Structures are given as C-alpha cells and as structure tokens.
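Shown next, in structure tokens, is the structure this report addresses.
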Amino acid sequence: MEEINLKELFAYFKSRIVLILIIVLIVVLLGSIYTLFLKIPVYESMSSIVLVSDEGQAGGGATVSYTQTDAQLNKNLVSTYSEIVKSRRIAEAVIKNLSLKYSVDELLNEVKVTNSDNTEIIKIKVVDKDRGLAADIANEIVKVFSEEIKSIYKLQNVSVVDVAEEADEPYNINYIKEFIIYVLAGTVLACAIIFVIYYFDTTIKSAEEIENGLGLPVFGVVPEVKRKHKDHK
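Each number in my numbering comes from the position in the sequence shown (counting from 1) with 1 added on.
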C-alpha cells in the first residue's frame, strides 16, 4: 500500500478548499430543502396517570390512608397496566369514540407507554401529524383505560396527573440541530471525496516525490511562469 504523506495531503486539501465548501453548501442546501418542504412534522402529546389507593377515589369526605401495602401493590400493577394501555381493547374503544380512520395497529404505532422506576406513574405519549388529534388521543386513552380498569379489576385506583395538551412545535424537527448535522455530513463527504481524488491522483506534485519514488537526485526545478497577456493596439 502506498504511503501517504500527511504534509502533502494537508496541502492538497488546502488547495481544494473551494471544492470542499461547494460540496458542504450543496449538502446543506439539499438537507434544508428536505427539512423545510419534504419532511412531515409530527407532534407529540403526553398524558400521565398515577396509581393510588382504591379508597382514594371514594367520596364523602372520608379520610383516606395510603399504606405501604397499597404502594407495593400499585408498583406491581404498573407493568400490567402499561400493557393494558396498549391493548387492542383500549385502541378499539378510542377509535370508536373519536371516530378515527386508523386501524388498531396504526393507532398503537402512535402510542408509547413508559413508567419511571420505583414509581406508580405511567406516561402515555402519542405522536401524530395532527397536533390536536395527538392530544385528543392521549386523553381519550386515559379515559377509556380508567373505565376498563374498573371493569377488569373492579378497582378505582387510577388518577390523572397531567392532561395532554397540544404541542407548539413538532418533536421531530429541530432546525438548528439538523443544520449542524448537514454541515458535519457535508464536511465528511467533501473530505472523503477529496481524499479519494488525492489517493488516485498519479501526477507528480513535488521534487521530493521524484527523489523518494525513483531514488534519483533532482538538480533543478523549472518554476511555473504565468504570462500576462498584453493588449496589442
């Protein structure tokens, strides 16, 4: 494998700086066009619920105690409840209530359920191209889920912590971040192209290259002379 002279390589890159800038500019321009005109914005809304004592839902001003046993029970139920949130039973009810044109699988692909470790909090995130619909779906899931839990477990231990609201900005578009990514990608691409050109360039670039390659001394170098053309009258 031919050895690469780093000094020559650096000088070669320096001499091609205009080409590098052009390539970076093209990548940034194409990326910006994609982000501004072709990339579909997607909005995210989140609702969260917490598992409480079953007696915590009781009315009448009764004193309610939340024991360690209740906490442990709810922590054990968090994983089960998270699976129920993303069940077909819940999805079908949400589609029917909101008159959605989604299939069950399409709706479930928009829903993400998470829970923090050692807590009884479940977070329900919904992404959709319609910011208002994303919030409506998240809130409807919580509503349907709470009713289904009463039916399945005969419990009323679900309480809403945060109601989903419409997102102001799409979560999948960050103009500054994407601009930086396009600049970096353009720079890497430009450097790769210049390196390939340099590697396969067989022209002699310096007297030292002749000496190193042929083992012969160079006695003289004819400099390049640029002639100035004069206008003849």
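Quick reminder that beta carbons are idealized off the backbone N, C-alpha and C, glycines included.
Only a predicted model underlies this, so the values are computations on that prediction, with no experimental measurement involved.
Annotated three-state conformation of residue 9 is helix, per DSSP. With fewer than 16 neighbouring CB atoms inside 10 Å of its own CB, residue 35 falls in the exposed class.
Counting C-beta pairs with one atom in each stretch, the stretch 127-141 and the stretch 176-192 have fewer than three that are closer than 8 Å, which means they do not touch. For residue 48, the beta-bridge partners assigned by DSSP are 125. Straight through space, the alpha carbons of residue 43 and residue 158 are spaced by roughly 33 Å. Distance from residue 79 to residue 116 at the Cβ level is roughly 5 Å; contact confirmed, criterion being Cβ atoms closer than 8 Å.
Taking the C-beta atoms as reference points, residue 105 is found no nearer than 9 Å to residue 75. Of all alpha-carbon atoms in 21, 92 and 12, the one lying nearest the alpha-carbon of residue 190 is that of 21. Take residue 14, set aside five residues on each side of it, and the residues of its chain with a beta-carbon closer than 7 Å to its own are 195, in chain order.
Looking at the DSSP output, residue 116 bridges to 123. Just so you know, the alpha carbons of residue 41 and residue 198 end up roughly 37 Å apart.
Residue pairing for residue 159: DSSP places it in a beta bridge opposite 52. By the neighbour-count definition (other C-beta atoms within 10 Å, threshold 16), residue 128 is a buried residue. Excluding sequence positions up to five before and after residue 17, its CB lies within less than 8 Å of the CB of 195 and 198, all in the same chain and listed in chain order. For residue 177, the number of other beta carbons within 10 angstroms of its own is below 16, and it is reported as exposed.
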